[in-house]
Amino acid sequence: MVRGIALGSCVAAYVPVGSEPGSRALLDALSARVLLPVSPVEHGPLDWAEYSDGLAPGPFGLLEPVGPRLGTDALAQASTVLLPALGVSRAGVRLGRGAGYYDRSLSAARGARLIAVVYDHELVDALPSEPTDVPVHAALTPSGLVEF
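Residue numbering for the sequence shown follows our numbering, starting at 1 and increasing by one per position.
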């Protein structure tokens, strides 16, 4: 649970990069099994590993879990997926970094609640979308959860 928000027994999350919202303290505060992404060398769906044995730099310099790789379908175990975003619209359009790793991965998150983690000013009225964009169900901001 995060700030009174029930996330379920398995949460897929991410390790923030630069000024992205979130923190390792947030990951540590999740009272659930936590899955973190492992970047594939080529464009494709993300692999996943459990956040339990520490983090190490991956192929793109991003911190990744060091435990055993669980495969791209491991996301099916998640009740909630916390997603990084540069912005999210009130219609659930998430703006990512443009490589599409998450959009290619989210088909495995069958029935999971998809929540974009953004700063308050990154929640906007509208964003352009592509047919391949997977909509999110909510945004988590420092001010709280906003459901769509």
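For every residue, glycine included, the Cβ atom is placed at its ideal position computed from N, Cα and C.
Just so we're clear, the structure is a prediction, and the values are computed from it rather than from any experiment.
Alpha-carbon to alpha-carbon, residue j and residue i
i    : j    : result
L20  : G8   : Just to set this straight, residue 20 is Glu in the shown sequence, not Leu. Rounded to whole angstroms, E20 to G8 spans 23 Å at the Cα level.
P143 : G18  : A small correction: the amino acid at residue 143 is Ser; Pro does not occupy that position in the sequence shown. Approximately 21 Å between the Cα atoms of the pair.
S89  : G61  : 29 Å
S107 : L114 : 11 Å
P128 : G87  : 11 Å
S52  : G67  : 7 Å
A56  : A6   : 29 Å
C10  : G54  : 18 Å
E42  : E122 : 29 Å
P185 : F148 : Past the boundaries of the shown model lies residue 185; the chain is included only from 1 to 148, so the question cannot be answered.
A109 : G4   : 23 Å
C-beta atoms of residue i and residue j nearer than 8 Å
i    : j    : result
L30  : Y14  : no
L27  : V34  : yes
A116 : T80  : no
G44  : R104 : yes
D125 : T141 : no
A139 : V118 : yes
Among the options, the one whose alpha carbon lies nearest that of residue i
i   : options                : result
A85 : G54, Y102 and E42      : Y102
R24 : L70, A6, R110 and P65  : P65
P16 : A6, F148, R97 and L70  : R97
L70 : F148, E42, A12 and L83 : A12
L82 : H137, F148 and G4      : H137
Should the region 88-96 be regarded as contacting the region 124-138, the criterion being three or more beta carbon pairs within less than 8 Å? Because the criterion of three Cβ pairs below 8 Å is met, the region 88-96 and the region 124-138 touch.
Which complete beta strand (DSSP E) runs does the region 48-130 hold, if anything under 3 residues is left out? Counting whole runs of 3 or more residues, the region 48-130 contains the beta strand (DSSP E) stretches 55-57, 63-65, 80-84, 87-89 and 113-117.
Three CB pairs or more closer than 8 Å across the region 68-83 and the region 42-49: In short, these stretches touch, since the Cβ pair count reaches three.
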